[in-house]
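Under the working numbering, think of the first position of the sequence shown as 1, with each following residue one higher.
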Amino acid sequence: MRPRSLDEFVGQEHILAPGKLLRRAIEADRLPSVIFSGPPGSGKTTLARIIAEMTHAKFIRISGVESNVAEMRRVIAAAANRLRTSGQRTILFIDEIHHFNKAQQDILLPDVETGNLRLVGATTYNPFFYVNSALVSRSQVFRLEPLSVEQLEQLIDRALADKERGLGNYNVKIDKNARRHLAKLSDGDARKCLNALEIGVLTTPPVAGVGEPGPAINDRGYNVIHFTLAVAEESIQQKAVVYDRAGDAHYDTISAFIKSMRASDEKGAMYWLAKMLHAGEDFRFIARRIVIFASEDIGLADPEALPLAIATQHAVEFVGLPEARIPLAHATAYMCRSPKSREAYDALNAASEKIEAEQTKRVPERLKNKHFPVNPER
């Protein structure tokens, strides 16, 4: 069900709508070196395949996980020879480019800069942190966003209608609430959504023609595969939360959690707390951040906040998961409802700036330790 052209591609209108830079470059076969960054299932590899279909250049795909320096040297040498002998350009697609080490990325630099090859990189991480800065500076970076629920529903309907590459040869009636359930729990991941749809269709026995009428439904009244909400729930049993415990999602989500507590937004803070716990974030890390928040953002406004935060840290260590979520929620609610004061934190920062910027002061005589005389007698 991978789209074969830009017209079939669903989503990413911010970079692929008619007239947008990336679309113009692909259609004109004038693609510069690019890096596609985005969550799983957002279309990075699919977009690279479309480029491969549309370009007159030699398209080579390698994996950032499996490739090595020797393979890179062979690819680069072949690209240079191809350009010299036939004038044909080479587009090198590197999937999961963040897995390349510095030596592998450095090998690409001279040939990307001279134009011997054009790079198309794909990564789920922030390329400004995980890809060689020199390589990033020589490439256009495009961010792909998770697909919306409506876009995923569009993909579901297309898959059920497509007899050539999809499930159109199966007589499937899908209920509206089942379609919406798949789209919602896929959390923007087209691959997960279509995989769940396929396994549901292929494992559900046909029955007499029943189900809700709707778009993209085969109206034959016999041998019908009825894709109900129950089938959808079995096909995609847990929502896919895009989260990496050492990358952008980790820092972005904890930032949202802290800023929600700072704004006394209890519902917001609980949402981000629930997302972190659902994604498997270390509950001890969350507890440490609450301890820091209690001192930094509440401080003198409520002296009881810090003891409660420390008690929460001990409690989560003592009870472990899944019950650790309860004291974390307790502490989160308390921090949201407490008055806020950063006086102590700001005063320390001001003093630190003076230490950095001014000549260091000597301790005044009146403040010195008086147990020892200044000029002891010999």
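Glycine included, every Cβ here is placed at the ideal spot set by N, Cα and C.
Pair within 7 Å by beta-carbon distance, residue i and residue j
i: residue 388; j: residue 167; result: Not covered by the structure: residue 388. The range shown for the chain is 1 to 378.
i: residue 60; j: residue 109; result: no
i: residue 36; j: residue 122; result: yes
i: residue 338; j: residue 311; result: no
i: residue 326; j: residue 309; result: no
i: residue 301; j: residue 267; result: no
i: residue 119; j: residue 42; result: no
i: residue 147; j: residue 188; result: yes
i: residue 105; j: residue 132; result: yes
i: residue 272; j: residue 257; result: yes
i: residue 264; j: residue 336; result: yes
i: residue 236; j: residue 196; result: yes
i: residue 15; j: residue 142; result: yes
i: residue 204; j: residue 224; result: no
i: residue 380; j: residue 151; result: In the structure as shown, the chain begins at 1 and stops at 378. Residue 380 is therefore absent and cannot be evaluated.
i: residue 393; j: residue 165; result: Any answer about residue 393 is impossible in this case: the structure gives the chain only from 1 up to 378.
Close-in-space but distant-in-sequence residues of the same chain around residue i (CB under 6 Å, 5 per side omitted)
i: residue 218; result: With a pLDDT of 48 at residue 218, under the threshold of 50, the modelled position of that residue is not reliable, and no figure is offered here.
i: residue 80; result: 116
i: residue 299; result: 341, 344
i: residue 96; result: 64, 65
i: residue 332; result: 269, 273
Separation of residue j from residue i, as counted between CA atoms
i: residue 270; j: residue 254; result: 12 Å
i: residue 314; j: residue 40; result: 36 Å
i: residue 18; j: residue 180; result: 28 Å
i: residue 88; j: residue 56; result: 8 Å
i: residue 220; j: residue 90; result: In this predicted model, residue 220 has a pLDDT of only 48, less than 50, meaning its place in the structure is not dependable; the value taken from the coordinates is given anyway. Looking at the two C-alpha atoms, the distance is approximately 49 Å.
i: residue 226; j: residue 322; result: 36 Å
i: residue 379; j: residue 295; result: In the structure displayed, the chain extends from 1 to 378; residue 379 sits before or after that span and is not available.
i: residue 316; j: residue 252; result: 23 Å
i: residue 215; j: residue 163; result: Annotation note: pLDDT 42 at residue 215 (below 50); position unreliable, no value reported.
i: residue 352; j: residue 292; result: 19 Å
i: residue 277; j: residue 287; result: 12 Å
i: residue 450; j: residue 349; result: Any answer about residue 450 is impossible in this case: the structure gives the chain only from 1 up to 378.
i: residue 297; j: residue 262; result: 7 Å
i: residue 85; j: residue 102; result: 31 Å
i: residue 228; j: residue 169; result: 19 Å
i: residue 130; j: residue 281; result: 21 Å
i: residue 44; j: residue 58; result: 19 Å
i: residue 367; j: residue 358; result: 20 Å
Residue closest to residue i, alpha-carbon to alpha-carbon, out of the options
i: residue 9; options: 154, 21, 107; result: 154
i: residue 71; options: 50, 100, 272; result: 100
i: residue 98; options: 111, 126, 83; result: 126
i: residue 47; options: 348, 5, 30; result: 5
i: residue 63; options: 85, 82, 94, 20; result: 94
i: residue 318; options: 334, 283, 52, 303; result: 283
Own chain, CB closer than 8 Å to residue i, minus 5 neighbours either side, in chain order
i: residue 107; result: 69, 72, 73, 76
i: residue 379; result: No statement about residue 379 is possible, as the shown extent of the chain runs from 1 to 378 and does not include it.
i: residue 234; result: 200
i: residue 149; result: 180, 183, 184
i: residue 50; result: 3, 4, 5, 6, 9, 26
In chain order, which beta strand (DSSP E) runs of at least 3 residues are fully inside the region 56-126? Runs of the beta strand (DSSP E) inside the region 56-126: 58-63, 90-95, 118-123.
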